[in-house]
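Undergrad:
In the UniProt record's numbering, the protein residues as written are 1 to 118.
1) Is residue 49 near residue 57, with beta carbons less than 7 Å apart?
2) Which stretch, first to last residue, makes up the alpha helix (DSSP H) that contains residue 19?
3) Which value, in whole angstroms, describes the spacing of the CA atoms of residue 79 and residue 66?
4) Considering only residues of the same chain and omitting the five flanking positions on each side of residue 39, which have a CB-CB separation below 7 Å?
Take a look at the structure:
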């Protein structure tokens, strides 16, 4: 089951990248960037172990992992908070179609009439 899902996911990724060549270039740069970051993190961790000892390396891994998890959880929330504030604001009535405004007003008054009888 997992193999089927992964095969489909990679096929979708391959088809998407085949259609847009600049997206493929960006994807390749992203892969190279990720490899560079991983290499520098491993080199830094080895340097901490060599120069500071194992206890400092443990603390570094715990703090770095905690920051990574916190960023993974709070990053999407903070990125979507501005979109939610825009979505919760009332729409501009001057750009609304008159037919839609009339239908909305009729639906609201119909709802109010049905609720008043309850």
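Cβ coordinates follow ideal geometry from the N, Cα and C atoms, glycine included.
TA: In terms of the structure at hand:
1) Reading the chain shown from its first residue, position 49 is the one you call residue 49. Reading the chain shown from its first residue, position 57 is the one you call residue 57. Yes. Within cutoff.
2) Within the chain shown, the letter at position 19 stands for residue 19. Note, residue 19: alpha helix (DSSP H), 2–19.
3) Locating residue 79 in the chain shown gives position 79, where the first residue counts as 1. Locating residue 66 in the chain shown gives position 66, where the first residue counts as 1. Distance between the alpha carbons of residue 79 and residue 66 is about 19 Å.
4) Here the question's residue 39 lines up with position 39 in the chain shown. Once the five neighbours on either side are set aside, residue 39 has no close Cβ partner at all.
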